[in-house]
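Positions 0 to 209 (numbering that gives the first Met the number 0) are the ones given, in order, by the sequence shown. C-beta: ideal position from N, C-alpha, C; glycine also. Predicted, not measured: the structure shown is a model, and the values here were computed from it. Remarks on the structure that follows.
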Amino acid sequence: MKSKQLLTPFRAMLLLVLACVVVWLVAHIMHTRAVEREYKYTATNGTVTIILYTGTSGNLTFPDKINGLPVTDIGSAFTHCFLEIGGKQFWAAYILTNVTIPDSVTNIEPVAFSDCRNLTKVTMSRNVRHIGAEAFFNCRSLTSIVIPDGVTSIEENTFAGCTNLTNIRIPNGVTEIGMEAFYHCRKLTKLDIPSSVTNIGYAASALATA
0 MKSKQLLTPF
10 RAMLLLVLAC
20 VVVWLVAHIM
30 HTRAVEREYK
40 YTATNGTVTI
50 ILYTGTSGNL
60 TFPDKINGLP
70 VTDIGSAFTH
80 CFLEIGGKQF
90 WAAYILTNVT
100 IPDSVTNIEP
110 VAFSDCRNLT
120 KVTMSRNVRH
130 IGAEAFFNCR
140 SLTSIVIPDG
150 VTSIEENTFA
160 GCTNLTNIRI
170 PNGVTEIGME
180 AFYHCRKLTK
190 LDIPSSVTNI
200 GYAASALATA
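This is the structure we're talking about:
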């Protein structure tokens, strides 16, 4: 009789725990699917490239996985993309203010964040190896950025038009700075170029304004 009395509370506790787990799993799956619906992407050789952002959040953290596959590439997710909010259309690039790129990402493609004029902060993946041309072109509100150690070249116009950029870290290991990489970065009055750089393109200097 005592064993039956003890078993009932135990079963009730077990059922409660199981119910909590099921609720958490369902909520997690629904949240994950909702996040994944905000992106258009391609999957190749077991990895994902995000090619379009369809959400409306200005504070964006890219997922490190979509459908169980690692996100390794950020494409031109904002270029020529329009969103409808409250019956009005906005260029997606103007919505973004803060972006976090997960460590699963190794490649940022050309023009990925081009003309994101209100982008003020970028938290960069530590594992990025390549940043494409014009990736942050005309990001006028961006004030600082840290280029990961694995990057070996800064391509043409990568940060051109970042008129409020005052601080940038170029890692030792970068060998090339492309043409007009920092063109019209008017507030970047000092640029520390590591000794590893052997090739600097035309008007690459942050001080070049004309």
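- For E155, same chain residues with a beta-carbon under 7 angstroms away, outside a window of 5 residues either side, are A132, G177, M178, E179, A180 and G200 in chain order.
- DSSP, read as helix, strand or coil, puts I192 in coil.
- Exposed is the label assigned to C19, since fewer than 16 other Cβ atoms lie within 10 Å of its Cβ.
- L187 has its alpha-carbon roughly 32 angstroms from the corresponding atom of D63.
- Burial check for L164: the Cβ neighbour count within 10 Å reaches 16 or more, so the residue is buried.
- Taking L68 as the centre and dropping the five residues before and after it, the same chain places the C-beta of A42, G45, T46 and V47 closer than 8 angstroms to its C-beta, in chain order.
- Following the DSSP letters along the chain, one finds I73 inside the beta strand (DSSP E) bounded by residues L68 to I73.
- With 16 or more neighbouring CB atoms inside 10 Å of its own CB, S75 falls in the buried class.
- Uninterrupted beta strand (DSSP E) stretches at least 3 residues long and entirely within the region 87 to 126 occur at 87 to 90, 97 to 99 and 120 to 122, given in chain order.
- In the three-state reduction of the DSSP assignment, A202 falls in the coil class, being assigned neither a helical nor a strand state.
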